[in-house]
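Residue numbers (our numbering): 20 to 662.
Have a look at the structure below, then the notes.
Dropping the structure here:
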């Protein structure tokens, strides 16, 4: 009964309905989930250009970037706009109705807004999509944790509050809410959330208030979980082994927490103490659903072995059944168990982990199992992940399976297949990608990935195709303008991989000038850094001059792109430009990015031409080794057939 309005530039009305049209249903859904009716008399969403965030909640009104407005073709395989709408709407409860007391506790609102994307996905698209979305949140945090820094979610150590708005706050925060839900179960979790919102409406909160609400609603004290995941940094890294003793009918599962080094075995500070469900799966003849026999074990030491008496040998093992805890896993199971898990585990995330472990083992048997999964798995997310893993098996047979995968009905899978094929760098995969780009695809993203991939392919092993790709990518830049310049940005990314080409550099520079559509211009600026590493000293100097000129522009996204480009360069002169930018920018995030980029340049400067040459020789050896292994696997398979 409350008015919901969308404000967009004239001519974008249909795109607005397409991108924000589910808002009324979301309001009803969140009102029920949070146990509190939408608290304001109306809700408006206003799309603006040159916005430096995806969205920004204000009480009863949200500002969104106009880049979230999807045309019909973009809506085919872009769920991000819908997720953005859900995220910002959730802030009307978590952020506006219930307000954080200190910046240090911002995860309470940002974690829940991010988690709302997950449970909205569950409501709208089903449990598999939600599980895969949550895996994406976890991976986003894990990437920041491994490549940039590790911190507790709640910390008082920061220079500017904006620095806290990172992947620890948003994505790890979402994972923490999911773990709270796992610990409590659905009914008690939502009861706790209702209590938290109702008790703290129109008030300020910190993390202790969430703990109190949970205890009040459920009688459970979850401080042990918060101590491990919120008040300290990190997560468990599990390595898993399995064996079966037929004589005693015992399954043995060994769990090692590898984030703790052996020398530190006495140190408990980095160990996690969690109760983890382990399921043993038995496939059934007349059913697609396997029988699962589940045990819960307490994992708290660096290395533990668990023994399970079972009537029959299981086909597969599922550690953290349901995959609810934030972690990394490395499965060291035998091939038959991994194949069975990839085929039969009802949890899509477990199938993805099995695919990764199979690819690591390699060989024709792994290729066959992965190829079957790429063709037959019912869930698009698993097929997309299997494509990524197939390319890790350095056999020609993997590329045959991937080329067949280009016909997948789901554009998101086709995109993953294209990205995988671009790493194989054979004439067959080159022809397949060229065909995708020339013939086009229903999806902008698939075309963009093909354009980017072709550039990667000719940069190493298919040098004779360089002119052909240059012409094709230049043609794409001339002719394929479209939504958010996704396809043309793909062409720029492809050109940036042709690192020794002065022609590619000239084309990229054309698109860094003012007047070029913003998404394309920002891509071109970042691409200058990528292409700089293979150019002549004169051209590298020229790139540096261009970036120095661009660094005086004050727009946040331009500054971030310039920093990204400079951070990829291999000349100490880039450090001076970064230092100047860091001292002049008013934005704390740009300053931090610039400082991190200086560290990258210092490392890059150490990698000289000899190292590059060594890399190229190694790539060539890997290629020759792959061809040899493929022939040997074929011969072995044929000899087994004749025997």
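Each residue gets a CB set at the ideal place from its N, CA and C atoms; glycine is no exception.
Assigned secondary structure, residue i (DSSP; H/G/I helix, E/B strand, else coil)
i, result
"residue 66", "strand"
"residue 371", "helix"
"residue 291", "coil"
"residue 285", "Low confidence applies to residue 285: its pLDDT is 49, below 50, so where it sits in the model is not reliable enough to give any reading."
"residue 441", "coil"
"residue 111", "coil"
"residue 323", "strand"
"residue 328", "strand"
"residue 542", "helix"
"residue 532", "coil"
"residue 83", "strand"
"residue 629", "In this prediction, residue 629 has a pLDDT of 46, which is less than 50 and means its spatial position is unreliable; what the coordinates show is noted afterwards. Three-state DSSP puts residue 629 in a helix."
"residue 420", "helix"
"residue 95", "helix"
"residue 247", "helix"
"residue 517", "coil"
"residue 572", "coil"
"residue 175", "coil"
"residue 147", "helix"
Endpoints, the beta strand (DSSP E) within which residue i is located
i, result
"residue 257", "256-264"
"residue 271", "269-276"
"residue 75", "74-77"
"residue 237", "Per DSSP, residue 237 belongs to no beta strand (DSSP E); it is in the alpha helix (DSSP H), 226-237."
"residue 23", "23-26"
Check whether residue i and residue j have beta carbons under 8 angstroms apart
i, j, result
"residue 578", "residue 572", "yes"
"residue 544", "residue 580", "yes"
"residue 268", "residue 55", "no"
"residue 357", "residue 319", "no"
"residue 678", "residue 85", "Because the chain is modelled from 20 through 662, residue 678 falls outside the range shown and cannot be assessed."
"residue 350", "residue 373", "yes"
"residue 354", "residue 297", "no"
"residue 200", "residue 159", "no"
"residue 607", "residue 584", "no"
"residue 225", "residue 110", "no"
"residue 116", "residue 221", "yes"
"residue 518", "residue 562", "no"
"residue 484", "residue 495", "no"
"residue 559", "residue 590", "yes"
"residue 272", "residue 261", "yes"
"residue 279", "residue 321", "yes"
"residue 89", "residue 34", "yes"
DSSP beta-bridge partners of residue i
i, result
"residue 298", "313 and 337"
"residue 404", "Partner(s): none; residue 404 has no beta bridge."
"residue 306", "303"
"residue 351", "260"
"residue 222", "117"
"residue 577", "Looking at the DSSP assignment, residue 577 forms no beta bridge with any residue, so it has no partner."
"residue 318", "293"
Residue interval of the alpha helix (DSSP H) (run including residue i)
i, result
"residue 556", "556-569"
"residue 492", "485-498"
"residue 140", "126-144"
"residue 604", "No alpha helix (DSSP H) contains residue 604, which DSSP labels as neither H nor E."
"residue 394", "383-395"
"residue 398", "Unbroken run through residue 398: none, as it is neither H nor E."
"residue 464", "463-479"
"residue 451", "446-458"
"residue 52", "42-53"
7 angstroms CB neighbourhood of residue i in its chain, flanking five on each side removed
i, result
"residue 465", "430, 433, 434, 437 and 455"
"residue 528", "565"
"residue 99", "none"
"residue 404", "371 and 374"
"residue 504", "536, 538 and 539"
"residue 328", "268 and 269"
"residue 192", "126, 129, 130, 133 and 172"
Neighbourhood of residue i by C-beta distance below 8 angstroms, restricted to the same chain and skipping five residues each side
i, result
"residue 378", "385, 389, 408, 409, 411 and 412"
"residue 468", "434, 437, 438, 441 and 509"
"residue 308", "365"
"residue 162", "186"
"residue 330", "268"
"residue 48", "139 and 142"
Neighbourhood of residue i by C-beta distance below 6 angstroms, restricted to the same chain and skipping five residues each side
i, result
"residue 512", "471"
"residue 24", "63"
"residue 332", "263"
Cutoff 8 angstroms: residue i Cβ touching any chain C Cβ
i, result
"residue 158", "This model lacks chain C altogether, as it is built from one protein chain only."
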